[in-house]
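Chains L and E are the protein sequences, given in the same order.
If you count the first sequence from 1, position 203 lands on 203 in my numbering, and the numbers rise without skipping.
If you count the second sequence from 1, position 142 lands on 142 in my numbering, and the numbers rise without skipping.
By construction, the Cβ of each residue, glycine as well, lies at the ideal position given by its N, Cα and C atoms.
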Amino acid sequence: MKKFNYQELVDSEQALQKRSIFWDPAIYEEELKQIFNRCWLFLGHESQLPQPGDFIRTYMGEDDVIVVRGKDKVIRAFLNACTHRGNKVCQAEGGNTRSFTCSYHGWSFNTEGELAGVPLEKEIYDNLPRERFGLVPVARLDSYKGLLFGCFSESAPSLIDYLGDIAWYIDVVTDSAQGGLEVVGAPYKTEIPGNWKLPVENAIGDGYHVAWAHAGAMSVVGAIGNGRSDNVLGINANNTGVDQSGAIEIVMNTHTVLTTLDGQSGYALYDHPEPVLAHLERNRPNVIEKLGELRGRQLYGSETHIGVFPNVQIIQGLNFIRIIHPKGPGKFEVWTYAMCERGMPDATKEIIHDHVRQTFGPAGLLEGDDGDFVEAITHSAAGYATRQMQGFLGMGMGRKAPWDGPGEASPGLVNEACQRGFYNQWRRTMEADNAYGVIGQTAPVTPVTAVLKEFRHG
Amino acid sequence: MANAELKLAPTAPVSFEQEYAIGKFLSMEARLLDEERYPDWLELLTEDIRYQIPVAISTYRRARQGSTTLKPLFIIDDGFPGLKQRADREATGLVWLNDPATRHLRIITNIEVETTDTPNEFLVRSKFMIFRGRRDKDIASHAGWREDILRQTPQGWRIARRVVHLIERVVMDKNLNMFF
Ligand code: FES
Ligand SMILES: [Fe+2]
Chain L
1 MKKFNYQELV
11 DSEQALQKRS
21 IFWDPAIYEE
31 ELKQIFNRCW
41 LFLGHESQLP
51 QPGDFIRTYM
61 GEDDVIVVRG
71 KDKVIRAFLN
81 ACTHRGNKVC
91 QAEGGNTRSF
101 TCSYHGWSFN
111 TEGELAGVPL
121 EKEIYDNLPR
131 ERFGLVPVAR
141 LDSYKGLLFG
151 CFSESAPSLI
161 DYLGDIAWYI
171 DVVTDSAQGG
181 LEVVGAPYKT
191 EIPGNWKLPV
201 ENAIGDGYHV
211 AWAHAGAMSV
221 VGAIGNGRSD
231 NVLGINANNT
241 GVDQSGAIEI
251 VMNTHTVLTT
261 LDGQSGYALY
271 DHPEPVLAHL
281 ERNRPNVIEK
291 LGELRGRQLY
301 GSETHIGVFP
311 NVQIIQGLNF
321 IRIIHPKGPG
331 KFEVWTYAMC
341 ERGMPDATKE
351 IIHDHVRQTF
361 GPAGLLEGDD
371 GDFVEAITHS
381 AAGYATRQMQ
391 GFLGMGMGRK
401 APWDGPGEAS
411 PGLVNEACQR
421 GFYNQWRRTM
431 EADNAYGVIG
441 QTAPVTPVTA
451 VLKEFRHG
Chain E
1 MANAELKLAP
11 TAPVSFEQEY
21 AIGKFLSMEA
31 RLLDEERYPD
41 WLELLTEDIR
51 YQIPVAISTY
61 RRARQGSTTL
71 KPLFIIDDGF
81 PGLKQRADRE
91 ATGLVWLNDP
101 ATRHLRIITN
111 IEVETTDTPN
121 EFLVRSKFMI
131 FRGRRDKDIA
141 SHAGWREDIL
151 RQTPQGWRIA
161 RRVVHLIERV
171 VMDKNLNMFF
């Protein structure tokens with residue numbers, strides 16, 4: 001017996017989503033269990049943790065998690081909860097430390113998660129079994145080319161199996177980067193009163209809203225604002241015409257990608273893209289050599305939104321990684337990290353950072369618009385009658401575009417293919433009996449022995 | 001916290017007239033912004049203005065600058081063109097969330113004035129609270145302090161530099177599309 005009537009919640013054939021999925025606390029509880037407790041979740045990037053003792057704090061679902069590089073250089077992740085009584089053992093968002101000391105009674109844990117110090121231990125305990133009281137590790141931790149992911153499910157498929165075809169697209173970001181990918185150590189963080197799914201599918205697939213919802217911003221930034229072009233991403237300045245050729249939305253087994261395929265329009269929203277474009281062309285021959293013509297010419301430099309289910313988007317062009325942390329059914333935090341190629345000239349990196357701040361930081365010219373309708377969609381679902389309504393994502397349904405890369409392509413960015421893909425994956429994950437079902441596979445007959453996987457750097 | 005640069009008294013005296021004029025200027029500036037008179041506000045900025053809002057990154061006190069990968073991060077780091085771009089966006093009439101109009105209210109207080117090495121420039125510290133109300137009950141507020149360099153010019157007082165320090169780390173608002 002399924003907990004909910006999922007056919008009613010997400011009707012894939014008709015592309016309808018019942019609006020209670022943005023409001024119902026029972027559905028949200030089930031999401032924490034079925035999605036956030038079983039999927040691989042993005043934790044951060046290795047470039048944030050170069051030295052032993054470097055740590056960052058993040059969330060997996062609503063679980064507070066510490067990611068730390070130990071003295072032995074191994075990166076591990078732990079629940080940020082003291083094994084004595086549950087207080088947080090770390091209240092800083094990141095830094096470098098030798099230990100995490102709980103502020104309640106002073107238990108302290110080393111960077112490998114072991115209980116290393118208990119005040120008054122000799123006097124108050126008889127043989128405290130310290131080894132039983134280490135920080136609770138996140139069951140699985142793995143890196144895909146520097147991108148760190150964690151997973152609470154010991155029986156989930158491996159990270160590489162979970163990523164599946166999307167890895168081919170992630171490579172365009174990781175392998176193309178001269179000297180490797182680099183993210184700034186601290187993200188922007190904003191709390192927004194809306195359901196977490198709305199900003200996710202907005203970022204991975206909603207090309208339709210760009211010219212209208214962001215009309216004010218679009219008329220002052222980038223190609224249109226600076227008079228370089230009368231259209232951005234195929235949509236003209238007055239939102240009266242759209243060129244759907246030369247861009248596609250791609251739906252894979254689990255994840256989605258949207259891309260402009262022209263190798264340069266990722267920088268269409270920059271006021272001064274010239275140095276970045278020059279870097280792209282200098283680097284392009286290397287990328288073609290590494291990744292081939294298709295990815296080197298058509299994907300590298302394109303506006304490409306890589307949506308890794310459930311809640312991380314790697315956005316080339318705008319050049320940020322964005323995580324949506326759920327905070328109850330009606331609230332989320334959006335974390336935005338600028339990313340660039342380590343080998344870029346400093347001035348070029350600065351242009352990218354400036355651009356991320358100007359467009360999608362907390363005071364970003366475009367960022368400011370989205371929170372508003374995300375909130376309204378969520379909160380209007382408080383109304384019983386309104387909650388019975390369904391959202392409609394039928395745009396571009398059945399339209400196919402030729403594409404030689406993995407996944408099924410549909411033409412244009414003004415298309416709701418990726419958003420449909422997201423809700424279909426949401427439904428499959430919610431319904432799946434086990435963590436293999438999340439990626440549409442059946443679990444191996446002999447369950448994989450739970451191994452605590454540690455990722456060794458280098 | 002120990003601050004080597006903390007001075008208990010201004011290096012040179014600031015006249016009552018100047019302090020009074022600066023206080024009036026900051027009140028007037030806040031009112032222009034409350035009234036959404038952005039082109040008028042831009043007139044109060046110098047061409048070489050630098051306007052910054054750093055993120056209040058939450059690290060342990062013992063963490064030294066540069067000891068981690070947590071680099072300073074800015075919510076806004078604009079010169080005049082960037083600020084004008086923000087003002088221009090508001091003026092397009094295409095920012096849907098400001099229609100019906102957003103109501104702003106700024107309170108500027110605890111103004112302290114110090115002289116600087118440049119005779120016509122003053123270091124002005126102030127505290128602020130900014131409330132914005134929108135539609136029915138969409139109300140948010142932000143508090144913090146500012147460090148300004150105000151320049152006395154033949155045309156009047158002008159803002160040559162502003163650093164806005166917010167007390168919040170996670171921005172508790174849908175956006176910070178407002179001037180502080
Ligand atoms: S709760 Fe952490 S030491 Fe007691
Ligand atoms: Fe948007």
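Inset, instruction - To the nearest angstrom, report how far apart P54/E and E168/E are at their CA atoms. - result: 11 angstroms
Legend entry - Pair within 8 angstroms by beta-carbon distance, P362/L and T174/L: P362/L is not a Cβ neighbour of T174/L, given a cutoff of 8 angstroms.
Inset, instruction - For G113/L, I'd like the list of residues in its chain whose CB is within less than 7 angstroms of its CB, leaving aside the five on either flank, ordered along the chain. - result: R76, F78, G134, L135, P137
Legend entry - Exposed unless 16 or more other CB atoms sit within 10 angstroms - verdict on S126/E: S126/E should be labelled buried.
Inset, instruction - With a cut-off of 7 angstroms, give the chain-ordered residues whose Cβ is closer than this to any heavy atom of ligand 1. - result: Residues flagged by the Cβ proximity filter: C82/L, H84/L, R85/L, G86/L, N87/L, V89/L, C102/L, Y104/L, H105/L, G106/L, W107/L.
Inset, instruction - State whether the stretch 373-392 of chain L contacts the stretch 294-304 of chain L, with contact taken as three or more CB pairs (one from each stretch) at a distance under 8 angstroms. - result: no
Legend entry - Classification of S302/L by the beta-carbon crowding that lies within 10 angstroms, buried from 16 upward: buried
Legend entry - 3 or more residues per run - each beta strand (DSSP E) lying fully within the stretch 151-194 of chain L: Listed in chain order, they are 181-183, 188-192.
Legend entry - The alpha helix (DSSP H) enclosing R357/L, as first and last residue numbers: 346-360
Legend entry - Other residues of its chain near I324/L: CB distance less than 7 angstroms, five sequence neighbours each side excluded: W196, P199, V200, N311, F332, V334
Legend entry - ligand 2 heavy atom lying under 7 angstroms from the CB of L365/L: No, since every heavy atom of ligand 2 falls outside the 7 angstroms radius drawn around the Cβ of L365/L.
Inset, instruction - Would you mind telling me which residues of chain E sit closer than 9 angstroms to C270/L, beta carbon to beta carbon, in chain order? - result: Rather than Cys, the amino acid found at residue 270/L in this sequence is Tyr. Ordered by position in chain E, no residue passes the 9 angstroms Cβ test against Y270/L, which lies about 13 angstroms from the chain.
Inset, instruction - Specify the secondary structure class of Y6/L as computed by DSSP and reduced to three states. - result: helix
Inset, instruction - Mark T240/L as exposed unless 16 or more other C-beta atoms lie within 10 angstroms of its C-beta, in which case mark it buried. - result: exposed
Legend entry - Distance between N177/E and A91/E (C-alpha atoms, nearest Å): 13 angstroms
Inset, instruction - Using a Cβ-Cβ cut-off of 8 angstroms, state whether D63/L counts as contacting chain E. - result: no
Legend entry - Y300/L: first and last residue of the uninterrupted alpha helix (DSSP H) it sits in: Element bounds for Y300/L: n/a, residue is neither H nor E.
Legend entry - For K221/E, the residue or residues it bridges with in DSSP: Not covered by the structure: residue 221/E. The range shown for chain E is 1 to 180.
Inset, instruction - For the stretch 355-372 of chain L, enumerate the residues whose C-beta is nearer than 9 angstroms to any C-beta of chain E, in chain order. - result: Answer in chain order: R357, Q358, G361, P362, A363, G364, L365, E367, G368, D369, D370, G371, D372.
Inset, instruction - Could you check if I139/E is buried or exposed, using at least 16 other CB atoms within 10 Å of its CB as the buried criterion? - result: exposed
Legend entry - A251/L to Q388/L span [Cα, whole Å]: Correcting the residue type first, residue 251/L is Val in the shown sequence and not Ala. Cα to Cα, V251/L sits roughly 28 angstroms from Q388/L.
Legend entry - Minimum Cβ-Cβ distance from V221/L to chain E less than 8 angstroms: yes
Inset, instruction - Report whether the distance from the Cβ of H209/L to the nearest heavy atom of ligand 2 is below 7 angstroms. - result: yes
Inset, instruction - Below 8 angstroms on the Cβ atoms is my guess for A338/L versus V184/L; work out the distance and round it to an integer in Å. - result: 5 angstroms
Inset, instruction - Quick one: give me the first and last residue of the alpha helix (DSSP H) that Q425/L is part of. - result: 417-431
Legend entry - L49/L versus M395/L - alpha carbon distance: 42 angstroms
Legend entry - In chain order, each beta strand (DSSP E) run of at least 3 residues that lies wholly inside the stretch 49-117 of chain L: 54-60, 63-69, 75-79, 94-96, 99-101, 108-110, 115-117
Legend entry - Whether L147/L touches H45/L by CB criterion (8 angstroms): Note that the C-beta distance between L147/L and H45/L is below 8 angstroms.
Legend entry - Bridge partners - F320/L, DSSP secondary structure assignment: According to DSSP, which records beta bridges pairwise, F320/L is partnered with I315/L, A338/L.
Legend entry - Through-space distance from R130/L to N5/L, alpha-carbon basis: 46 angstroms
Inset, instruction - Verify whether the separation of the beta carbon atoms of H300/L and S176/L is less than 8 angstroms. - result: Note on residue identity: the sequence assigns Tyr, not His, to residue 300/L. Contact flag set, yes.
Legend entry - Simplified DSSP assignment, three categories, for I124/L: Helix.
Inset, instruction - Please check if any C-beta of chain L sits within less than 8 angstroms of the C-beta of I76/E. - result: Yes, I76/E counts as interfacial toward chain L.
Inset, instruction - May I ask whether a heavy atom of ligand 2 can be found less than 7 angstroms away from the beta carbon of H353/L? - result: no
Inset, instruction - Could you tell me if the beta carbon of A213/L falls within a distance shorter than 7 angstroms of some heavy atom in ligand 2? - result: yes
Legend entry - Contacting residues, own chain, Cβ-Cβ under 8 angstroms from T386/L (five flanking each side not counted): R19, S380
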